[in-house]
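Visitor: Below you will find the structure I want to go over with you.
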Amino acid sequence: MAKKCKKATGRRGHMETLGLMFKTLWAPGEAMFLLSKRPRALLPLVLMGLVSLGVGIVAISKVDVGELALRQAEQAGRTQQMSEEQKQRMVQMVRTVGRVGVGFAAVLPTIVILIATAIYFGIFTMLGREANFKTFFAVTTFAYVPIIIRSFVSLVQVVAVPPSALDLNEIGSLSLALFLDKTAVPRLAYAAATVVDIFSIWVVILLIIAYKFVTRKSVGTGLRTVAVAGVYFFFSLIGAGLRMLQGG
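Taking our numbering, I'd label the letters of the sequence shown as residues 1 to 248.
Structural data, given as structure tokens:
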């Protein structure tokens with residue numbers, strides 16, 4: 001009898017957590033307040049990992065990432081000094097990395113969220129926080145729920161767009177870069193445009209809302225916005241810069 005009650009309680013807990021995930025999308029303030037009082041993060045992390053893994057499996061079966069990477073390298077002029085043998089070695093290496101990356105996709109969301117939590121926990125410890133790391137991790141995890149939707153966008157792109165028209169750096173992205181001709185604008189401008197992404201902005205907004213409930217009242221909306229957006233887009237710009245240097 002006790003086991004049945006425990007299982008029923010567990011199912012109710014999972015359903016409640018799932019409900020909070022949906023509530024995060026349309027009533028984030030209420031969802032984050034509830035999370036700050038009773039933090040939990042396992043279910044959204046599992047779902048993010050499973051969705052990322054599923055999308056990765058579909059992508060690797062639909063797209064030859066090695067040939068796609070070679071095509072992008074040729075367009076960027078990075079293969080002019082390479083022999084055919086070197087090109088084929090590069091293709092094989094990218095294929096191998098791609099297969100390994102599919103498995104890594106299952107844990108990547110957790111790693112990213114852990115790093116983000118650690119950074120913001122440190123920043124708001126200096127500015128004035130009230131919650132512990134567990135609560136920070138919970139609200140940060142729920143703020144990243146939109147990446148599940150981004151994963152489904154990636155899936156649609158991989159399935160619907162011909163492989164010859166795909167760009168590795170644009171899969172899952174809904175940024176200003178979609179409206180730019182990559183060959184007609186400076187690489188720096190194009191890389192910067194990839195940072196202004198709908199999902200990135202969505203996550204930042206949710207983080208700003210979430211941290212209201214785990215920081216002191218003296219940390220106002222303006223300061224929270226600067227702290228969250230500044231760090232988020234700083235690292236996004238670094239990523240964009242690395243892609244620019246790679247010619248992607």
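Here a beta-carbon is modelled for each residue, glycine too, at the ideal position from N, C-alpha and C.
How about the region 127-136 and the region 205-218: do they share at least three Cβ pairs that are nearer than 8 angstroms?
Guide: yes
Visitor: What first and last residue would you give for the alpha helix (DSSP H) that runs through A31?
Guide: Along the sequence shown, read from residue 1 onward, the residue named residue 31 stands at position 31. Run containing A31: 28-37, per the alpha helix (DSSP H) assignment.
Visitor: Out of curiosity, what's the CA-to-CA distance linking A143 and F33?
Guide: As a position in the sequence shown, residue 143 is number 143, starting the count at 1. As a position in the sequence shown, residue 33 is number 33, starting the count at 1. The alpha-carbon atoms of A143 and F33 are separated by roughly 12 angstroms.
Visitor: By the three-class DSSP mapping on this structure, what secondary structure does A2 have?
Guide: Here residue 2 refers to the residue found at position 2 of the sequence shown. Residue confidence is low: A2 scores 49 on pLDDT, short of 50, so the model does not pin down where it sits. Its coordinate-derived value is still stated next. Here A2 sits in helix by DSSP.
Visitor: Locate the alpha helix (DSSP H) running through E67, then write down its first and last residues.
Guide: What you label residue 67 is simply residue 67 of the sequence shown in a count that begins at 1. 65-75 is the extent of the alpha helix (DSSP H) around E67.
Visitor: Taking the C-alpha atoms as reference points, what is the distance between V63 and L43?
Guide: Sequence index remark: in the sequence shown, residue 63 carries index 63 (1-based). Sequence index remark: in the sequence shown, residue 43 carries index 43 (1-based). For V63 and L43, the distance between alpha carbons rounds to 30 angstroms.
Visitor: Starting from G122, trace the alpha helix (DSSP H) both ways and give me its first and last residue.
Guide: Within the sequence shown, numbered from 1, the residue matching residue 122 stands at position 122. First-last of the alpha helix (DSSP H) with G122: 108-127.
Visitor: Whose CA, out of S164, V204, G239, lies closest to the CA of V226?
Guide: For the purposes of this step, residue 226 is taken as the residue at position 226 of the sequence shown. For V226, the nearest C-alpha among the options comes from V204.
Visitor: Please report the straight-line C-alpha distance between V91 and V158, rounded to a whole angstrom.
Guide: Working through the sequence shown from its first residue, we reach residue 91 at position 91. Working through the sequence shown from its first residue, we reach residue 158 at position 158. About 19 angstroms.
Visitor: Is it buried or exposed for S36, if we count other Cβ within 10 angstroms and need 16 for buried?
Guide: As a position in the sequence shown, residue 36 is number 36, starting the count at 1. Under this definition S36 is a buried residue.
Visitor: Helix or strand or just coil, what does DSSP make of T135?
Guide: Against the sequence shown, residue 135 aligns to sequence position 135. The answer is helix: DSSP assigns T135 an H, G or I state.
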